[in-house]
Each structure stands twice: as structure tokens, then as C-alpha cells.
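The structure appears below as C-alpha cells.
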Amino acid sequence: MNTCLENASMIYPVMLEPCLPDYETDAAAPVIRLDEPDNLTCCELLTPLASQLWHCGITRHEAGYDCDVILLPLEPVTDLLKNQPSSSLTEQVLKACRRWSRLKVEFIRLTLPRRQENFGIEQQVWGHESAGYPPALRRQARQLTGDCCDFCHYQSKHNSLIFRDNNPENQAENNLGVACAVCACSRHLNRLGANDGVMVYLPELAPADLSHLLRAVVIARQQGDERQKQGASLVLRWLAEHRKEAESFWGTSHPGEFGQALMQAPVRLREDLQQRLRHIALIPNPDLLARHIGPAALTPNTWLALFNQYHSLA
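Below you can see the structure in the form of C-alpha cells.
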């Protein structure tokens, strides 16, 4: 399935708009807004056309959430809908497609609200303790992903097995992934204690960039010279200082408490909570990461660039 279709949010509307020819810019062309549950149904309907979708970029909605902007050809959409069982949704979209076709429209712009999922909670399933997964399953995940972390794209043979829907009973190929040591901590937030890390407010850093920065910090602490170790400590202090904002708004910086809140929330409210947490980040205890990050993870000449890039945001 196309990643953008798969990661569409259920709580925000999907928009379909025609890409009008220049000479038809003033034409009264219908624009379709699909709310829940039609938004996700539309994504499912379009799945067979995944290979024909063009990702144009990401835009920020005025309400504060991110959206993927997709172009897709009108004709295949029309043909697809004609072969679907009739429903209010298919009839609505098909009617608009016919109108767009009369206006010589060739492409539709699909705006998909992006589901935020920076944090995960690990389901507790008897007999599926993380240490007990068969080696063959781990090898399969490594082969399928090329050892590339699902979240920050860091490539390492030390990346650990994950289940993308957090359900270890679902061992289908499309549910197997790997995560680096840094990103893995955020995927089982409910299992972290007070000494395992802190939650901070860091809107300046994308989660993937933060993972790379923390890896540099861990390596510098492990094998850097005195100056590099001091720099790593400075970065850690700067990151940890942002816990104050998290505590001020949320009342805590304890990762386990955030994890419990996600566990207890119903699915729809959980997605809303993930959206509200989009600028919150986990800073794992570096000692927790040290034993999982090898000395070859980052070369010393990258540390200074990472430090300068991110410390300038403070």
C-alpha cells in the first residue's frame, strides 16, 4: 500500500480537488471534502492505484496538522470507481470526476492529513516476549528492510525487530520492520521507567534528526576525547532543559506516564493525543543506549557538524 494512503489520519478530512487547466482557472469545479469514516474508505478505494500516485510534498493545514499532497490521474480513478459497488461515497466522487473530465482536467490533487505516530506502545501478549522471537523472524525483518530503521533510516545490523502495528502476533511480511536503539525506545514508551529517559518539548527537531544527534552524543561519550565528551554533555544538558516546557504543559516528563496515557486512550482519542504530542520528544538515558550502539555508528568528523547545527537552535 502507498505509505501516504496507509498513514492517513482518521480524524481530519481528506480533500480531492481538480488540477484545472490554465484556461479554466475561473471554472466552478467541485471540491470534495471527506470526513470520517469516508476519508479512510477513500484511501482504501484508491489503494489499487498506489503505483500511479505522485507525492508532491507536505503542507501545513491552518489547524496545525501536516498533510501529504498527492497527484493522481483522473481517468484511472474514474475507471476504478465505475467498477466499485455503488455507495454514497463512490457516487459522490464519480459525479465529481465526470464534471472534472468535462473541464479537461487530467489530474486530481489529493490532500491527505498525515497521522502522527511518533510514539508507540508495546502490546503485552503472553508467549511473545521480545527476547523470545525466533532468529529466523529477525533475519526475515533484516532482509525485508535492508537493516534500515523504519523511523530514521539508520542502517545497522544491530537494529532490532519491531512489529509495525505493535502486535507481535501479526507476523505478516508487511508488519515486520527494524528500529535503531534510539527509535526503539519511543516505540515501547509504556515500558520505560523514570530513569530511562525524559520527555521534552522540541519543535525544532524532527524525530529522525534527533535520533541521529543522540547517536552522535552516545558515541562521543564512549570514544571521544575530553573535548568531545564535554561537548556531548553540553548537548545532553541542552536537550534535557526542554523538559521544563513538557512538565509545564503536561504536568510530567516521565515517559512511562505518557505511555500509559496512550495505552488507556481509545483508538480515536489515541490518534488525537499523538497529534497533540507531535512536538514532544523522548530523550533516552544515554547509558540505556550505549550497549546497543557500536563504535562505528558515526565517525568523529560528523559530531561537530551535528552539534553546531542543533545547538544553534537553542
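Under the working numbering, think of the first position of the sequence shown as 468, with each following residue one higher.
The C-beta atom is built at its ideal place from N, Cα and C for all residues, glycine as well.
Spatial distance of residue i from residue j (CA atoms)
i      : j      : result
Arg576 : Lys562 : 16 Å
Ile750 : His655 : 13 Å
Tyr479 : Arg688 : 43 Å
Glu542 : Thr557 : 15 Å
Phe716 : Arg710 : 10 Å
Leu681 : Val649 : 7 Å
Asn752 : Gly660 : 10 Å
Gln583 : His746 : 10 Å
Phe574 : Leu487 : 8 Å
Leu643 : Cys615 : 12 Å
Asn506 : Leu539 : 16 Å
Arg758 : Val684 : 13 Å
Val536 : Lys549 : 24 Å
Ser555 : Ala496 : 20 Å
Gly664 : Ala608 : 27 Å
Gln742 : Glu529 : 14 Å
Asp754 : Val667 : 18 Å
Arg658 : Ile588 : 8 Å
Ala517 : Asn474 : 13 Å
Trp705 : Glu714 : 16 Å
Ala732 : Asn633 : 15 Å
Leu501 : Pro485 : 15 Å
Gly531 : Leu604 : 39 Å
Glu640 : Leu611 : 8 Å
Lys624 : Gly726 : 28 Å
Leu677 : Pro635 : 27 Å
Arg737 : Asp489 : 43 Å
Asp692 : Thr578 : 49 Å
Glu503 : Val702 : 43 Å
Gly613 : Leu669 : 30 Å
Ala673 : Thr526 : 15 Å
Val560 : Gln519 : 18 Å
8 Å Cβ cutoff met for residue i and residue j
i      : j      : result
Ala707 : Phe618 : no
Cys564 : Val544 : yes
Ile499 : Met477 : no
Leu547 : Pro515 : yes
Ala646 : Asn662 : no
Leu740 : Ala728 : yes
Leu472 : Cys510 : yes
Leu512 : Gln551 : yes
Asn585 : Leu744 : yes
Ala651 : Ile629 : yes
Beta-bridge partners of residue i, as assigned by DSSP
i      : result
Ser627 : Ala646
Glu484 : Arg576
Trp521 : Leu538
Gly664 : Pro751
Leu501 : Val481
Arg581 : Ala475
Arg527 : Asp533
Cys615 : Gln622
Can at least three beta-carbon pairs, one atom from the segment 691-698 and one from the segment 722-729, be found at a separation below 8 Å?
-> Because the criterion of three Cβ pairs below 8 Å is not met, the segment 691-698 and the segment 722-729 do not touch.
Runs of beta strand (DSSP E) lying entirely within the segment 530-563, each at least 3 residues, in chain order = Complete beta strand (DSSP E) runs here, min 3: 533-540.
The segment 567-575 / the segment 618-630 touching (three or more Cβ pairs under 8 Å) = Not touching, per the Cβ criterion.
3-residue-minimum beta strand (DSSP E) runs that sit fully inside the segment 725-751, ordered along the chain = Within the segment 725-751, the complete beta strand (DSSP E) runs of at least 3 residues are 747-751.
Write down every uninterrupted run of the alpha helix (DSSP H) in the segment 669-706 whose length is 4 residues or greater and which is fully enclosed by it, in chain order.
-> Within the segment 669-706, the complete alpha helix (DSSP H) runs of at least 4 residues are 674-690.
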